[in-house]
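Accompanying notes for the structure given below.
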């Protein structure tokens with residue numbers, strides 16, 4: 083009972099921390115790490131800069147990255163739509179393409195294992211011949 087209560091308190095404390103807004107120092111650190119990882123900045127570049135100095139750089143790089151991702155997503159959606167239009171059959175014409183199976187299921191009746199040069203080989207006997 084005591085352990086469960088203790089775990090509840092730990093969980094509640096963690097959730098309370100998650101609800102707290104970030105401090106400027108934490109936000110500055112997160113922006114610096116983002117700019118280092120995404121935009122290729124060196125950490126030395128940010129030495130002596132305040133949150134207000136880093137924020138415009140971060141905003142510019144972040145917005146350009148988001149715009150690129152949105153443009154890429156729209157382009158991919160357009161390609162998917164074109165591909166679907168090519169694949170979708172027209173309901174008016176009843177023409178069907180015969181599909182060739184990529185793999186055939188062969189009925190195996192029996193198999194025999196024999197070794198040659200210490201390597202096992204399988205001799206498979208099929209039902210159709």
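Residue numbers (the numbering used here): 83 to 211. The beta carbon of each residue, even a glycine, is placed where N, CA and C say it ideally should be. Model, not experiment: these values are computed from the prediction.
Original post:
Are the segment 105 to 118 and the segment 137 to 145 touching, with three or more C-beta to C-beta distances below 8 Å?
Top reply: yes
Original post:
Given a threshold of 16 other Cβ atoms within 10 Å of its Cβ, counted over all protein chains shown, does residue 136 qualify as buried or as exposed?
Top reply: buried
Original post:
Grouping DSSP H, G and I as helix and E and B as strand, with all else coil, what is residue 197?
Top reply: strand
**OP:** For residue 151, count neighbouring Cβ atoms within 10 angstroms of its own Cβ and tell me buried if that reaches 16, exposed if not.
**Re:** exposed
Original post:
Taking just the CA atoms, how far does residue 108 sit from residue 132?
Top reply: 12 Å
Original post:
Would DSSP call residue 189 helix, strand or coil?
Top reply: coil
**OP:** Go to residue 116, then tell me how far its alpha helix (DSSP H) extends in each direction, as first and last residue.
**Re:** 106 to 116
**OP:** Have a look at 208, 146, 197, 162 and flag the residue whose alpha-carbon is nearest the alpha-carbon of residue 120.
**Re:** 146
Subject >> Counted within 10 angstroms of its Cβ, other Cβ atoms place residue 166 as buried (16 or more) or exposed >> reply: exposed
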